[in-house]
Amino acid sequence: MNIGNLIKISLRALNNNKMRAFLTMLGIIIGVASVITMLAIGQGSKKSIQSQISEMGSNMIMIQPGTGNMGGVRLSGESQQTLKLGDYYALRDKTQYISACSPTVNSSGQFIYQSNNYPCAITGVNSDYLDIRKLSIDEGTVFSKQQIEAAAKVCIVGKTVITNLFTNGEDPLGKVIRFNKIPFTIIGTLNEKGFNSMGMDQDNVVLAPYTTIQKRILAITYIQGIFASASSEANTNKAIAEAENILRTNHKLKPTDADDFNIRSQEEISKMLTSTTDILTILLACIAGISLLVGGIGIMNIMYVSVTERTREIGLRMSIGAKGRDILSQFLIEAILISFTGGIIGVIIGLGASFLIHAVFSWPISVQLYAVLMSFVVCTITGVFFGWYPAKKASELDPIEALRYE
Amino acid sequence: MNKSIIRLENIKRDFVVGDETVHALRGISFTINEGEFVSIMGSSGSGKSTMLNLLGCLDTPTDGEYFLDDVAVSSMNKNQRSTLRNKKIGFVFQSYNLLPKTTAEENVELPLMYNPAYSGKERRAKAIKALDDVGLSDRVNHKSNQMSGGQMQRVAIARALVNDPVLILADEATGNLDTRTAYEIMVLFQELHAKGRTIIFVTHNPELAAFTSRNIVLRDGKVIKDAPNRQIESAKKMLDMLPKQDD
Ligand SMILES: Nc1ncnc2c1ncn2[C@@H]1O[C@H](COP(=O)(O)OP(=O)(O)O)[C@@H](O)[C@H]1O
Ligand SMILES: [Mg+2]
Chain X
1 MNIGNLIKIS LRALNNNKMR AFLTMLGIII GVASVITMLA IGQGSKKSIQ SQISEMGSNM
61 IMIQPGTGNM GGVRLSGESQ QTLKLGDYYA LRDKTQYISA CSPTVNSSGQ FIYQSNNYPC
121 AITGVNSDYL DIRKLSIDEG TVFSKQQIEA AAKVCIVGKT VITNLFTNGE DPLGKVIRFN
181 KIPFTIIGTL NEKGFNSMGM DQDNVVLAPY TTIQKRILAI TYIQGIFASA SSEANTNKAI
241 AEAENILRTN HKLKPTDADD FNIRSQEEIS KMLTSTTDIL TILLACIAGI SLLVGGIGIM
301 NIMYVSVTER TREIGLRMSI GAKGRDILSQ FLIEAILISF TGGIIGVIIG LGASFLIHAV
361 FSWPISVQLY AVLMSFVVCT ITGVFFGWYP AKKASELDPI EALRYE
Chain C
407 MNKSIIRLEN IKRDFVVGDE TVHALRGISF TINEGEFVSI MGSSGSGKST MLNLLGCLDT
467 PTDGEYFLDD VAVSSMNKNQ RSTLRNKKIG FVFQSYNLLP KTTAEENVEL PLMYNPAYSG
527 KERRAKAIKA LDDVGLSDRV NHKSNQMSGG QMQRVAIARA LVNDPVLILA DEATGNLDTR
587 TAYEIMVLFQ ELHAKGRTII FVTHNPELAA FTSRNIVLRD GKVIKDAPNR QIESAKKMLD
647 MLPKQDD
């Protein structure tokens with residue numbers, strides 16, 4: 001018995017019951033399509049987070065006050081006041097591996113320009129901040145040393161803020177906007193950066209000298225964080241160790257004391273974020289996998305019914321010379337053909353759905369070859385696995401009994 | 407003399423049902439030669455089907471020896487018997503057993519699908535030839551559900567012929583047909599006999615036995631009569647004598 005004939009026999013049998021074959025396939029189609037789509041979404045967001053982060057600068061280091069416990073529960077860092085300007089000066093002046101460094105202080109409130117108002121946070125930084133965060137000036141300038149020392153009421157604004165405040169298309173440079181009643185003169189605008197992978201608008205920013213925010217808005221002497229750049233990506237870990245040493249000395253911590261600040265590198269943040277998407281991907285794939293399993297059980301169910309229904313056919317085939325293994329192969333091939341064809345259709349629909357999602361919701365997607373190949377392998381295995389039992393049962397029928405079956 | 411196709415030596419077949427044993431065949435011996443048209447008669451439960459299943463290598467005897475075309479069947483395993491059936495035997499059943507929604511041609515070529523020696527072209531050619539032999543050359547592409555009972559049985563006979571078997575086995579092959587169609591099928595069997603086919607025809611209808619060349623009668627699993635038929639009637643004549651039905 002050659003395989004070509006067996007496939008022909010199976011195809012004829014399926015052809016006689018197209019509707020049923022299609023309905024059985026539907027389970028597999030939905031299963032595979034959802035696996036492909038879910039993986040595309042999961043992988044897409046992971047990739048976009050990764051590229052986002054490397055765009056942000058892979059040698060960036062973030063320092064926050066408070067005892068950080070990455071991934072665990074911790075107090076809001078900004079409510080703690082352990083970071084002082086002295087820490088910033090020390091990092092700026094006494095380090096070997098830190099090339100740029102900026103304190104940060106934040107305040108949220110309303111910006112007002114003429115009759116427009118717009119809620120947005122204002123971030124107090126120094127001019128290094130732009131380099132560290134890979135921001136760049138579109139028009140105008142960054143704050144000067146003098147402006148920082150004088151706590152000047154000047155600011156640099158992002159595109160989103162501009163469109164919301166300057167609705168008549170005026171040139172924002174040199175205009176005065178009010179933040180919680182304090183007037184700020186716009187001295188620069190930022191180049192557009194778009195949304196980041198978590199859907200945050202990176203153009204929704206207003207930067208001002210940190211001194212201005214500290215003295216004129218928040219009336220505080222501490223700082224809420226420090227952003228720094230390691231001199232190179234390779235030096236990131238050395239820079240972190242260096243910063244930790246300096247801060248511990250500055251804070252007069254005993255060797256047994258825990259850090260009252262926490263330092264994270266871009267790499268760590270990247271890992272943290274991508275591990276979330278990894279978990280998400282696995283979760284999505286599991287749900288999709290379950291639907292594939294249900295599809296497989298559908299195949300088993302239908303094949304089982306089919307074997308019972310076609311008992312006489314099986315008896316006849318045996319009487320004209322089909323061996324047990326021919327019958328087994330026939331039913332197995334039927335199951336595999338159903339699951340494999342379902343797999344192909346599922347992959348096509350899955351790809352279509354992924355691109356549709358990308359087009360409609362502009363979610364990042366990434367279709368990977370391994371996901372497609374894996375779907376085919378899983379489909380074939382599903383066919384063999386769930387087709388096996390009914391096929392085995394068919395092959396073990398007694399021809400005389402089977403021919404007599406009503 | 408004629409070559410023997412079938413040789414049975416004291417064949418017994420017991421069925422164990424619960425703790426009872428049914429002796430379906432109780433020691434049967436006979437020889438059937440090439441070209442014979444044998445009817446096997448007997449009342450219901452006399453063991454006709456059991457014997458036919460044994461002759462067709464679908465079953466094995468509890469005791470005794472069976473030689474088909476000089477091959478000892480009793481010692482063969484399942485797969486060997488499958489191959490033997492595929493090459494040497496053609497079955498015709500009471501209920502036709504055609505594949506549903508399948509054309510006559512595809513039904514007929516089915517036995518050849520299980521024989522790797524044939525190509526698709528050869529299969530088709532042989533199937534069409536067999537359909538021609540049973541007078542259905544104009545129904546090659548009709549599906550089984552588009553045919554009458556008589557036509558379906560002809561397709562089934564064509565399927566039994568397609569592999570050039572040494573033996574054709576028919577179990578109540580006319581049982582589901584009306585008298586006229588039954589005679590038509592008998593005409594076909596007589597034609598096949600005339601062409602030298604060896605046919606074993608199981609029936610409980612003594613009238614049909616008159617068309618065969620040898621009559622074997624079973625009762626209670628034993629042969630109670632085995633005699634050549636000196637006066638073979640022509641099924642064709644009987645058919646012509648039937649009142650014409652026109653509607
Ligand atoms: N598979 C079986 N199991 C048990 N008893 C059987 C089986 N097949 C046939 N028999 C018994 O063997 C006897 C002969 O049956 P069968 O050959 O079918 O008779 P016939 O075809 O002449 O009507 C009957 O008594 C029947 O009940
Ligand atoms: Mg019977």
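These protein sequence lines map, in sequence, to chains X and C. My numbering numbers the first residue of the first sequence as 1 and each following residue consecutively. My numbering numbers the first residue of the second sequence as 407 and each following residue consecutively. In this text, a Cβ means the ideal position worked out from N, Cα and C, and glycines have one as well.
Exercise. Quick one: does X/Ala359 have its CB under 8 Å from some CB of chain C?
Worked result: no
Exercise. Mind checking whether X/Ala359 and X/Ala228 have CB atoms under 8 Å apart?
Worked result: no
Exercise. For C/Phe499, does the three-state DSSP call read helix, strand or coil?
Worked result: Secondary structure of C/Phe499 (DSSP, three-state): coil.
For this session: Could you tell me which of X/Met374, X/Val305 and X/Leu83 sits nearest to X/Thr249, measuring between CA atoms?
Result: X/Leu83
For this session: Please decide whether X/Arg20 counts as near chain C, where near means a Cβ-Cβ distance under 8 Å.
Result: no
For this session: Starting from C/Tyr472, trace the alpha helix (DSSP H) both ways and give me its first and last residue.
Result: From DSSP, C/Tyr472 is part of no alpha helix (DSSP H) but of the beta strand (DSSP E) over Asp469 to Leu474.
Exercise. Does the Cβ of C/Ser418 lie closer than 7 Å to at least one heavy atom of ligand 1?
Worked result: The sequence given here places Lys at residue 418 of chain C; Ser does not occur at that position. Not so, every heavy atom of ligand 1 lies at least 7 Å from the Cβ.
Exercise. Which value, in whole angstroms, describes the spacing of the CA atoms of C/Asp539 and C/Gln557?
Worked result: 13 Å
Problem set entry | Backbone secondary structure at X/Thr104 - three-state DSSP | strand
Exercise. How is the alpha helix (DSSP H) around C/His429 delimited, first residue to last?
Worked result: Taken as a continuous stretch (DSSP letters only), C/His429 belongs to no alpha helix (DSSP H), being part of the beta strand (DSSP E) at Glu426 to Asn439.
For this session: Starting from X/Lys323, find everything on chain A with Cβ-Cβ shorter than 7 Å and list it in chain order.
Result: Checking the listed chains, one finds no chain A in this structure; the protein chains it contains are X and C.
Problem set entry | Between the CA atoms of X/Gly27 and X/Tyr113 - distance to the nearest angstrom | 58 Å
Exercise. In chain X, which residues lie less than 7 Å from C/Asn492 when you measure between Cβ atoms?
Worked result: Ile320 and Gly321
Exercise. Counting pairs of Cβ atoms below 8 Å between the region 335 to 354 of chain X and the region 378 to 387 of chain X, do you hit three or more?
Worked result: yes
For this session: Report back the beta-carbon spacing between C/Arg432 and C/Thr468 to the nearest angstrom; my notes put them in contact at under 8 Å.
Result: About 10 Å; that fails the 8 Å criterion.
Problem set entry | Paired residues, beta bridge with X/Ile137 - DSSP | X/Leu190
Exercise. Does the beta carbon of X/Ile302 sit closer than 8 Å to a beta carbon anywhere in chain C?
Worked result: no
Exercise. Are X/Ile156 and X/Gly188 closer than 8 Å when you measure CB to CB?
Worked result: yes
Exercise. Excluding five sequence neighbours on each side, which residues of the same chain lie with their C-beta closer than 8 Å to the C-beta of X/Gly140?
Worked result: Ile156, Leu173, Ile186, Ile187, Gly188 and Thr189
For this session: Starting from the beta carbon of C/Glu597, find every residue of chain X whose beta carbon is closer than 7 Å, and list them in chain order.
Result: In chain order: nothing, as chain X lies at least about 22 Å away.
Exercise. When every heavy atom of ligand 2 is checked, does at least one fall within less than 7 Å of the C-beta of X/Ser319?
Worked result: Not under cutoff, so the answer is no.
Problem set entry | Coarse secondary structure for X/Asn262, derived from DSSP in three states | strand
For this session: Report the option in C/Ala641, C/Gln637, C/Glu613 and C/Met644 whose CA atom is closest to the CA atom of C/Ile446.
Result: C/Glu613
Exercise. Distance, Cα to Cα, X/Glu268 vs X/Leu280?
Worked result: 18 Å
Exercise. When the Cα of X/Phe179 is compared with those of X/Asp201, X/Lys153 and X/Asp203, which residue comes out closest?
Worked result: X/Lys153
Exercise. Is X/Leu91 near X/Ile223, with beta carbons less than 8 Å apart?
Worked result: no
Problem set entry | the region 447 to 466 of chain C: positions lying closer than 8 Å to chain X by Cβ | So the close ones are Asn459, Gly462, Leu464 and Asp465.
Problem set entry | Identity of the residue in C/Val593, C/Asp584, C/Ala576 and C/Leu583 nearest C/Val444 by Cα | C/Ala576
Problem set entry | Distance, X/Asn204 Cα to X/Gly225 Cα | Rounded to the nearest angstrom, the gap between the Cα atoms of X/Gly225 and X/Asn204 is 19 Å.
Exercise. What is the rounded straight-line gap between the Cα of C/Met482 and the Cα of C/Asp475?
Worked result: Each residue's CA atom was taken as its position, placing C/Met482 and C/Asp475 some 14 Å apart.
For this session: Can you grab the Cα-Cα spacing for the pair C/Arg548 / X/Asn16, in whole Å?
Result: First, the residue type needs correcting, since residue 548 of chain C is His and not Arg in the sequence shown. Their backbone Cα atoms lie some 14 Å apart in a straight line.
Problem set entry | Inter-stretch contact (C-beta, 8 Å, three-pair minimum) for the region 314 to 326 of chain X and the region 489 to 501 of chain C | yes
For this session: Put C/Asn483 into one of helix, strand or coil per three-state DSSP.
Result: coil
Exercise. Which chain X residues are close to C/Lys507, counting only those with a beta carbon under 7 Å from its beta carbon?
Worked result: Asn16
Problem set entry | C/Tyr589 to C/Ala641 span [Cα, whole Å] | 6 Å
Exercise. Taking 8 Å as the CB-CB limit, is C/Phe497 close to chain X?
Worked result: Between C/Phe497 and chain X, the shortest Cβ-Cβ separation is below 8 Å.
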